[in-house]
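The structure under discussion appears below in the form of structure tokens.
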Amino acid sequence: MNKLALLASGSGSNVENFYNYFKNNHDIEISIVLCNNPKAFVIERCRRLGIPCVVINRTQFYNSDEIIEVLKSYSIDFIVLAGFLWLIPDNLIKAYNRKMVNIHPALLPKFGGKGMYGDNVHKAVVEHKEVKSGITVHYVNENFDEGEIIFQAECPVLPDDTYAEVAAKVHELEYAWFPRIVERLLKE
Ligand code: GRF
4 MNKLALLASG SGSNVENFYN YFKNNHDIEI SIVLCNNPKA FVIERCRRLG
54 IPCVVINRTQ FYNSDEIIEV LKSYSIDFIV LAGFLWLIPD NLIKAYNRKM
104 VNIHPALLPK FGGKGMYGDN VHKAVVEHKE VKSGITVHYV NENFDEGEII
154 FQAECPVLPD DTYAEVAAKV HELEYAWFPR IVERLLKE
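Under this note's numbering, the first residue of the sequence shown carries the number 4, and numbering increases by one thereafter.
Next comes the structure, spelled out in structure tokens:
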């Protein structure tokens with residue numbers, strides 16, 4: 004049995020998609036969600052779905068081993084960042100070396116780094132008149148969006164597309180691919 008922890012800061016639509024993808028899988032379980040934002044909608048989603056959700060603060064995350072202890076207490080073997088906005092500290096990177104992945108809503112190395120999250124990314128893609136965007140799944144290292152790339156999928160950006168239209172296309176790619184890629188990594 005593989006036990007996953009998902010880290011999220013926002014709406015949690017990817018968390019719900021993971022839940023639906025794995026709910027009938029007896030080898031892979033979403034065991035816990037950690038959320039750094041007490042106002043995030045993901046907390047309500049978890050309550051509805053019956054997934055334990057723990058709200059964490061900066062001190063626990065950056066100045067203690069508490070998070071690692073929580074993860075170990077749930078026997079977590081793999082971490083998925085699903086819209087998680089805090090930089091991951093060294094202790095967590097070491098404890099889950101190559102067992103922690105992130106999804107970025109663009110084709111890295113373009114449109115990554117600090118401040119490049121959510122709609123900021125899609126707005127930048129439209130402003131730069133890109134002809135394509137997409138998703139990047141990558142391992143997590145000590146810098147935002149710089150870990151080794153595992154998988155990318157593309158979608159076209161048309162000249163008249165708004166950032167919201169680009170966001171919708173990218174979300175579709177996330178829902179279609181992200182759980183599948185994690186499943187593939189767990190089987191390797
Ligand atoms: C997604 O677009 C993901 O790529 C990015 O943050 C967003 C999270 O959306 N890292 P949600 O909270 O899963 O709805």
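All C-beta atoms, glycine included, are put in the ideal place defined by N, C-alpha and C.
Start-to-end residues for the beta strand (DSSP E) that takes in residue i
i, result
"S136", "135 to 142"
Alpha helix (DSSP H) segment containing residue i, residue limits
i, result
"N17", "16 to 25"
"N94", "93 to 98"
"E149", "Note, E149: premise wrong, no alpha helix (DSSP H); not H, not E."
"L88", "Per DSSP, L88 belongs to no alpha helix (DSSP H) and is neither H nor E."
"E69", "69 to 76"
Distance cut-off 6 Å: residue i Cβ against heavy atoms of ligand 1
i, result
"I106", "yes"
"N39", "no"
"A8", "no"
"G137", "no"
"G13", "yes"
"N17", "yes"
"A98", "no"
"G150", "no"
"G53", "no"
"A109", "no"
"G115", "no"
"A85", "yes"
Residues bridged to residue i [DSSP beta-bridge criterion]
i, result
"A8", "I35, I82"
"Q2", "Because the chain in this structure spans residues 4 to 191, residue 2 falls outside the shown range and cannot be described."
DSSP-derived helix/strand/coil call for residue i
i, result
"A43", "coil"
"E168", "helix"
"V58", "strand"
"H131", "coil"
"A156", "strand"
"N28", "coil"
"N105", "strand"
"K113", "coil"
"P162", "coil"
"F181", "helix"
"D122", "helix"
"E191", "coil"
Residue i: CB within 6 Å of a non-hydrogen atom of ligand 2
i, result
"G118", "In terms of ligand content, the structure shown lacks ligand 2 and carries ligand 1 instead."
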